[in-house]
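Numbering (this note's numbering), first residue to last: 36 to 146.
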């Protein structure tokens, strides 16, 4: 089971979780952070570090944020040519100047 960052992170992005993540799987969108479900090793360090209590295990996450977190990596985000996928670490990617389907108002379907 992986972790999901929920609505409490929107427009806040404290980034304490990024500093604690041992595998660099927390990516920065335009308005919130996202955990790559393929790269996450389920250690829980991010959940403990988040002062906003925005991070939870996927089975307890808000269903819309659980799906949206997955879509951030699987669909073509606004302004990008292809899905982010599993690049192998957020530090090599840097901030992604795009937002997930839920926050951007898109349907979530790739085109």
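Yeah, the Cβ is synthetic: ideal placement off N, Cα and C, and Gly gets one too.
With 16 as the cutoff for other CB atoms within 10 Å, does residue 39 come out buried or exposed?
Burial call: buried.
Between the Cα of residue 86 and those of 73, 48 and 129, spot the shortest distance and give me the residue it belongs to.
Nearest option by C-alpha distance: 48.
From residue 112 to residue 133, what distance separates their C-alpha atoms?
Each residue's alpha carbon lies about 6 Å from the other.
Buried or exposed: residue 61, going by 16 or more other Cβ atoms within 10 Å of its Cβ?
Flag for residue 61 reads buried.
Among the residues of its own chain, which have a CB less than 6 Å from the CB of residue 66, if the five just before and after it don't count?
Excluding residues within five positions, the ones whose Cβ falls inside 6 Å are 45, 46, 134 and 138.
What number of angstroms, rounded off, separates the C-alpha of residue 98 from the C-alpha of residue 70?
Answer to the nearest angstrom: the Cα atoms are 15 Å apart.
Sort out for me which residues DSSP pairs residue 70 with in a bridge.
Per DSSP, 61.
Where does residue 53 fall in DSSP's three states?
In this structure, residue 53 counts as helix in the three-state DSSP scheme.
Label residue 125 either buried or exposed according to how many other C-beta atoms from any shown protein chain fall within 10 Å of its C-beta, with 16 as the threshold for buried.
Burial call: buried.
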